[in-house]
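Accompanying notes for the structure given below.
Number of protein chains: 2
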Amino acid sequence: MAKSVKIDQQEASKALADTIYVIGGKWKLPILHSICNGNIRFKDIEESIPGLSNRMLSRNLKELEENKLITRVMSNETLFYEYHFTEYSKEYGDLMLKMIEWGKSHRKKIIQST
Amino acid sequence: MAKSVKIDQQEASKALADTIYVIGGKWKLPILHSICNGNIRFKDIEESIPGLSNRMLSRNLKELEENKLITRVMSNETLFYEYHFTEYSKEYGDLMLKMIEWGKSHRKKIIQST
DNA sequence: CGGTATCCTCTCTGATACTG
DNA sequence: CAGTATCAGAGAGGATACCG
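What follows is the structure, given as structure tokens:
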């Protein structure tokens, strides 16, 4: 019994490490949010996130695509590359919204106490 | 109108960058979860997370304390240092649970497709 | 028990420039 | 427009040893 609790704990540790591996880093969450917000083109995403360079955007988009959180397709209509959420990643929209709230309130919390 | 949407977007970007700054890195989420799971002593936390060295644990605990996500107190009863969640961080327990689920299901998703 | 100190490596990130 | 190439700096993370 105590042992299975310990194993559960270690499983959760690994799952959390995976999670942070996939959405970690300075830009992945902002990029996902930008796409979620309607920006589907490279240039648009880049301009929607202050401080983000095209190099980091390129790299992070590639990693997000490898993890199947977004897709990259050439649009037949516009003839531009478009980035979109996958069905898979849409499930986690609310998780992201909570992180946004968390970041906002946390900033206030830390600022007011220093 | 379009402008305020853009500003909202940039605000969210910053909030998400803050969030990932505070809970980012390989070990912060596993550490928080371990404490949440009843481990309150340095040694216990260390042993509950495979691969975590005492050096990284020490550093990350300090940072989490600075961000007011945990407290570190000497217990009068046991005479050991104890780490606890703050009222503040308890609000985000469900956020962490979702990340655990996410990590678990994501691992399955990626493994099956390769 | 609960950490620090030191050293080392490797990845992330940024700045600048260039390309199909 | 949508990136890639190159170089350089900072810091996260790991290994090992030591301390009050």
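Note that the protein sequences, when read in sequence, are chains Y and C. The first sequence begins at 76 in our numbering and counts up by one. The second sequence begins at 76 in our numbering and counts up by one. For every residue, glycine included, the Cβ atom is placed at its ideal position computed from N, Cα and C.
Query	Result
How about C:ILE187: is its C-beta nearer than 8 Å to some C-beta of chain Y?	For the record, residue 187 of chain C in the displayed sequence is Gln; it is not Ile. With 8 Å as the cut-off, C:GLN187 does not count as an interface residue toward chain Y.
Taking Cβ positions only, does Y:MET174 come closer than 8 Å to chain C?	yes
Given a cut-off of 8 Å on the beta-carbon distance, is the pair C:ALA92 and Y:ILE175 in contact?	no
Express the C-alpha separation of C:ILE82 and C:PRO105 in angstroms, rounding to a whole number.	33 Å
Does C:ASP119 come within less than 8 Å of chain Y when only Cβ atoms are used?	no
Apart from the five residues just before and just after Y:GLU140, which ones in its own chain have a Cβ nearer than 6 Å to its Cβ?	ARG147
How would you list, in chain order, the residues of chain C whose beta-carbon sits under 7 Å from the beta-carbon of Y:GLY178?	ALA90, LEU91, ASP93, THR94
Using the Cα positions of Y:PHE117 and Y:ILE186, report the straight-line distance between them to the nearest angstrom.	33 Å
In three-state terms, what does DSSP make of C:THR146?	strand
Which first and last residues belong to the alpha helix (DSSP H) in which C:PHE155 is found?	Where C:PHE155 is concerned, there is no enclosing alpha helix (DSSP H), given that its DSSP letter is neither H nor E.
What is the residue span of the alpha helix (DSSP H) that Y:ARG182 lies within?	168–187
Closer than 8 Å, CB to CB, is C:GLU79 near chain Y or not?	A small fix is needed here, since residue 79 of chain C is Ser in this sequence, not Glu. So no, C:SER79 is outside the interface.
Go ahead and pull the three-state DSSP assignment for C:THR94.	helix
Between Y:SER150, Y:GLU138, Y:LEU172, Y:GLY178, which lies nearest to Y:TYR96 when the distance is taken from Cα to Cα?	Y:GLU138
With DSSP as the reference, label Y:SER128 as helix, strand or coil.	coil
So which residues on chain C does Y:LYS101 lean against when the C-beta distance must stay under 9 Å?	ALA92, ILE95, TYR96, GLY99
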